[in-house]
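Residue numbers (our numbering): 2 to 181.
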């Protein structure tokens, strides 16, 4: 059991090193269209948070779940924002927490992120300034005759575990799109 735990920690460190190396070449202003494969997520119950404290409470509860710890996903948690909240520009009003999984047998709540064309943008800086990336994504979609269809998926590529200072954080945002 302890060897399994150490092997998971080794994998976490190797993943973090690989991600940090890739992320160090990004400015945080990139935006691109990508065909992405479907992915399975373990997700939290629907969130309704009016402040950071409530969000941290939800995050804490999510990380205490047996299935969360079984998957060893405590180092990679993303947030989803549903299409309604996106339309209303509620970019800090997250809908769900999520973690990628490959084996769906032990997860309490499984969500399938659909395969398709995604607008992918990066934001360098504090989490509460991700609206700048969303504004760039809206502009890019309008200029390219695209519309959002579905939730956004945010992952913190560089965070307090890999860089010093909020200004150096790097967030990746993915939103599925289709032609208007």
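For every residue, glycine included, the Cβ atom is placed at its ideal position computed from N, Cα and C.
On a predicted model such as this, the values are computed, not experimentally measured, just so you know.
Sixteen is the threshold: when 16 or more other Cβ atoms of the shown chains lie within 10 Å of the Cβ of residue 172, as they do, the residue is buried. Checking the DSSP bridge columns, you'll see residue 43 partnered with 100, 111. Considering only 95, 66, 107, the residue with the shortest C-alpha distance to residue 56 is 95.
Boundaries of the beta strand (DSSP E) around residue 125: 117-125. In the three-state reduction of the DSSP assignment, residue 12 falls in the helix class, which pools H, G and I.
Straight-line spacing of the CA atoms in residue 21 and residue 51 works out to 32 Å. Assignment of residue 95 by DSSP, reduced to helix, strand and coil, places it in the coil class. Distance between residue 85 and residue 121, taken at the CA atoms: about 19 Å.
DSSP places residue 172 within a strand segment (E or B) once states are collapsed to three. Taking one beta carbon from each stretch, the stretch 99-113 and the stretch 39-53 have 3 or more pairs nearer than 8 Å; the two touch. Take residue 3, set aside five residues on each side of it, and no residue of its chain has a beta-carbon closer than 6 Å to its own. With respect to the 9 Å criterion, residue 37 and residue 118 are classified as neighbours on the basis of their beta carbons.
In this structure, the beta-carbon distance from residue 157 to residue 170 falls below 9 Å. Annotation for residue 165: no alpha helix (DSSP H) segment contains it, and DSSP assigns it neither H nor E. For residue 63, the uninterrupted alpha helix (DSSP H) segment begins and ends at 53-65.
Nearest Cα to residue 139 within the set 178, 48, 166: 178. The beta-bridge partner set that DSSP reports for residue 153 consists of 82, 176.
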